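Remarks on the structure that follows.
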Amino acid sequence: MLMVSSNFWFKYPKTSSKIEHFVSILGRCFESPWTTKALSETACEDSEENKQRFTGGAFFQKHVSSEDSSQSTPLMETPTVQFPTEKLIAESPSLTTLDKKDGEQAKALFEKVRKFRVHVEDSDFIYKLYVAQTAIKALKIILILSYTSTFASEISFCHICQPEVKSLTGYDRFFCTHNMAFMLRKLLFTFMAMICLYGLVCLYTLYWLFRRPLKEYSFEKVREESSFSDIPDVKNDFAFLLHMVDQYDQLYSKRFGVFLSEVSENKLREISLNHEWTFEKLRQHVTCNAQDEQELHLFMLSGLPNAVFDLTDLEILKLELIPEVRISAKVSQMTNLRELHLYHCPAKVEQTAFTFLRDHLRCLHIKFTDVAEIPPWIYLLRSLKDLNLIGNLNSEHNKMIGLESLRDLRHLRTLYLKSNLNKIPTNITELSPHLTKLVIHNDGTKLLVLNSLKKITSLVDLELHNCDLERMPHAIFSLANLQELDLKNNNIRTIEEIISFQHLRRLMCLKLWYNKITAIPPSIGLVKSLESLIISHNKLETLPPALFHLPKLRHIDLSHNCISSIPVEVGHLHNLQHFAITENKVEVLPTQLFKCSKLKVLCVGHNSITSIPEAIGQLVQLSHLELKGNCLDCLPFQLGQCRLLRKNLLFVEDHLFDTLPLEVKESMSSD
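Written out as structure tokens, the structure is:
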């Protein structure tokens, strides 16, 4: 019965399976070469413990603005970022090569330990069953001692017996002896002694169960002795099983703890990553972009392969969905690196690496879900000229983003924000002396307050996309240096404020596409400096003659509107080079249009045009012509006078192209 009670938890299916699984994993962890390797490297890292890590979050000293509530409160409050130069990431000792098979087995063990922990840690059934069976054993021992002690007192060598033999002997009572009594008595006392000893063990077990916090297990001692300070404490049945193992040998738990550490797992991943992503493999993934720059895009890796730093010709490095990016001092070998993309990649840099990036990096793109993913060291990249931040900057959790530190970016020229702002942060005004381009893509969130724009007087290019603007912001009229304004994809219905643009004497390009504008006011004629007007995808029906009295206008895009006619004043645009009025309701092309002798691009497709004037031959510089989607019967042979026009840039139905004279078709088809 005692054996059944002691072994019940080994036989009961609900507990035996967990115990067998635990013992199996424990043995594999103990014998794994990775355990020995990880613990041996701890000694190497302990010698480096005097070096500090140059990480982001530790240097944040957050403060909350105490401005009067009547003032404009920045949407992005700013923690002060400090980077003591003496603090750096300790350069870790080089990791020796681990056998590939051992590495795969170790990765499988990490996964098994993770799943086993989740499976076992959520209940304390094994603990309760062990307590119950121990208590039952104690009760059985008391019961056994009770009846065996009674039997022991009744065993004697001499005793009175009464056999029914009086008729034979004449006596009915005899004085008898029991030859085995002495031996039986000794055996019974021995049995009782053993039961008492077993009972003491059982009582100690009960004391151990109720006096020790066995449903909690701390790896504090292991954390102190090793570099794996992230080994978590465990609870419930998982903790109880580890306490049981400690009663046998604490070394098992110590070696098992290695497989609970994320740092240990990351080291293993780093070794496997470097083994898989060699220099040759990375070189195969390098591509050339449209600007003939060498570019490498790494996606969803466990880390950054060391061989990346050997690509000395690389100019653009894109890292996406990499959970831990560590930029080592070897990045200084990448002398051509100018652009870095970190898409959901929290990154840490060593001091030497930071110094190199600070002096060489020109363009930085960061995409994030939470501001914690933004590396704080980016605010000290003094050579940075282009900064792109893509993520949520306006949620309750993210309102404390530290943009004030951008004032240390003394060479920053372009700031791109793709977010959901309600107001332009006042912090950006710190960039006023040198910021020339500001781009805000607001994903449809209404941008209510733009007063901060007035102070950024150095702006040359301003883009406010998808900001749900209903009118042209008045703050824009204070930007005396503004040359290009892009208000794409808003909700603007009227542009009467355009009269104020006459004060922006440097404004050359105005983009009002993808809005709901119904009319262009005659006051547009006052914006004499305008060279390019893009007002496509609106609801225009007519065009004011004043539009065609802008002497510098070279580019007009009126596509995707409801325009039915082109004013004859279009002939006054002697500098016009690009004219697009695709997807409208135009029926006639005025001959005055063909007086624009500098015209190179003419897009009049998808209208209701029935004929092309012969005067088109006057456009000797025409190189791009779109006529498809009209009601044409033929093309004028005068197209042959457009010597620069080629068939690949003549967009027209095939049957219309065939109406041209043979020599014209051959001329257009020739290179």
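All you need for our numbering is the position in the sequence shown, starting with 1, plus 53.
Even for Gly, the Cβ is constructed at its ideal location relative to N, Cα and C.
For clarity, every value in this text was computed on a predicted model and none was experimentally measured.
Residue i, enclosing beta strand (DSSP E) - first and last residue
| i | result |
| --- | --- |
| V361 | No beta strand (DSSP E) contains V361, which DSSP labels as neither H nor E. |
| Q347 | Q347 to F352 |
| V378 | V378 to I380 |
| H608 | H608 to D610 |
| V492 | K490 to H494 |
| M471 | Met is not the amino acid found at residue 471; the sequence shown has Lys there. Taken as a continuous stretch (DSSP letters only), the beta strand (DSSP E) holding K471 covers T467 to K471. |
| Y396 | E392 to Y396 |
| N441 | D439 to I443 |
| I369 | I369 to E373 |
| F421 | Taken as a continuous stretch (DSSP letters only), F421 belongs to no beta strand (DSSP E), as it is neither H nor E. |
| C656 | V654 to C656 |
| F690 | Element bounds for F690: n/a, residue is neither H nor E. |
| I587 | S585 to I587 |
Delimiting residues of the alpha helix (DSSP H) encompassing residue i
| i | result |
| --- | --- |
| R411 | Q404 to H413 |
| I324 | E315 to E329 |
| K725 | Nothing can be reported for residue 725: it is not among the residues displayed for the chain, which extend from 54 to 724. |
| Y301 | N289 to Y301 |
| H708 | D707 to F710 |
| V502 | Here V502 belongs to no alpha helix (DSSP H), and DSSP marks it neither H nor E. |
| H338 | F332 to H338 |
| L715 | L715 to S722 |
| V275 | E273 to E278 |
Residue burial classification, residue i (beta-carbon count within 10 angstroms, cutoff 16)
| i | result |
| --- | --- |
| D707 | exposed |
| Y183 | buried |
| N480 | buried |
| E636 | buried |
| M353 | exposed |
| I551 | buried |
| H518 | buried |
| K605 | exposed |
| F235 | exposed |
| E679 | buried |
| K569 | exposed |
| G578 | buried |
| N543 | buried |
| R607 | buried |
| N289 | buried |
| T365 | exposed |
| S70 | exposed |
| S589 | buried |
| L491 | buried |
| Y224 | exposed |
| E73 | exposed |
| L522 | buried |
| S722 | exposed |
| T243 | exposed |
| G110 | With a pLDDT of only 39 at G110, under 50, the local geometry of the prediction cannot be trusted, and the value read off the model is given with reservation. Exposed. |
Selection from the options that minimises the alpha carbon distance to residue i
| i | options | result |
| --- | --- | --- |
| Y180 | A161, T68 and L192 | T68 |
| L437 | R460, L237, D423 and F421 | R460 |
| T422 | S472, R336, V378 and M387 | S472 |
| S582 | H556, V166 and T571 | H556 |
| F407 | W87, A382 and D439 | A382 |
| R411 | Y432, K508, P598 and E164 | Y432 |
| L484 | I493, L563, K508 and H494 | K508 |
| R559 | K160, H625, H602 and L512 | L512 |
| L709 | L698, E719, N683 and L586 | N683 |
| A533 | E549, D514, M525 and K541 | D514 |
| L563 | K541, F163, L440 and L586 | L586 |
| G624 | G80, I669 and S664 | I669 |
| L500 | S531, L474 and L488 | L474 |
| T547 | S553, M525, L538 and W566 | M525 |
| N504 | Q386, I477 and P486 | I477 |
| Q386 | F362, L374 and L565 | F362 |
Nearest-angstrom beta carbon gap, residue j and residue i [assumed within contact, 8 Å]
| i | j | result |
| --- | --- | --- |
| S617 | E594 | 7 Å |
| I573 | P598 | Not a contact, Cβ separation roughly 11 Å. |
Heavy atom of the ligand MN within 8 Å of residue i beta-carbon
| i | result |
| --- | --- |
| D299 | Ligands in the displayed structure: none, and consequently the ligand MN is not present. |
(request) Report yes or no: do the stretch 712 to 721 and the stretch 688 to 702 share at least 3 C-beta pairs separated by less than 8 Å? (result) Note that the stretch 712 to 721 touches the stretch 688 to 702; at least 3 beta-carbon pairs, one per stretch, sit closer than 8 Å.
(message) With a threshold of 8 Å, are at least 3 pairs of Cβ atoms found where one atom belongs to the stretch 423 to 430 and the other to the stretch 393 to 400?
(response) The stretch 423 to 430 makes contact with the stretch 393 to 400: 3 or more CB pairs, one atom from each, lie closer than 8 Å.
(request) Report yes or no: do three or more beta-carbon pairs, one from the stretch 267 to 277 and one from the stretch 293 to 300, lie closer than 8 Å? (result) Counting Cβ pairs under 8 Å, three or more are found: they touch.
(message) For the pair the stretch 239 to 259 and the stretch 216 to 228, tell me if three or more CB-CB distances fall below 8 Å.
(response) Contact between the stretch 239 to 259 and the stretch 216 to 228 is not established, with fewer than three Cβ pairs separated by less than 8 Å.
(request) Evaluate the contact criterion for the stretch 314 to 322 versus the stretch 168 to 175: three or more CB pairs, one atom per stretch, below 8 Å. (result) Verdict: no, contact absent.
(message) Between the stretch 187 to 199 and the stretch 244 to 253, can you find at least three pairs of beta-carbon atoms closer than 8 Å?
(response) When C-beta atoms of the stretch 244 to 253 are compared with those of the stretch 187 to 199, three or more pairs fall below 8 Å, so the two segments count as touching.
(request) Give a yes or no on contact between the stretch 622 to 641 and the stretch 653 to 672, applying the rule of three or more CB pairs nearer than 8 Å. (result) Touching, per the Cβ criterion.
(message) Taking contact to mean 3 or more Cβ pairs, one atom from each stretch, closer than 8 Å, check whether the stretch 299 to 306 and the stretch 326 to 346 are in contact.
(response) Three or more beta-carbon pairs separated by less than 8 Å are not found between the stretch 299 to 306 and the stretch 326 to 346, which leaves the two stretches without contact.
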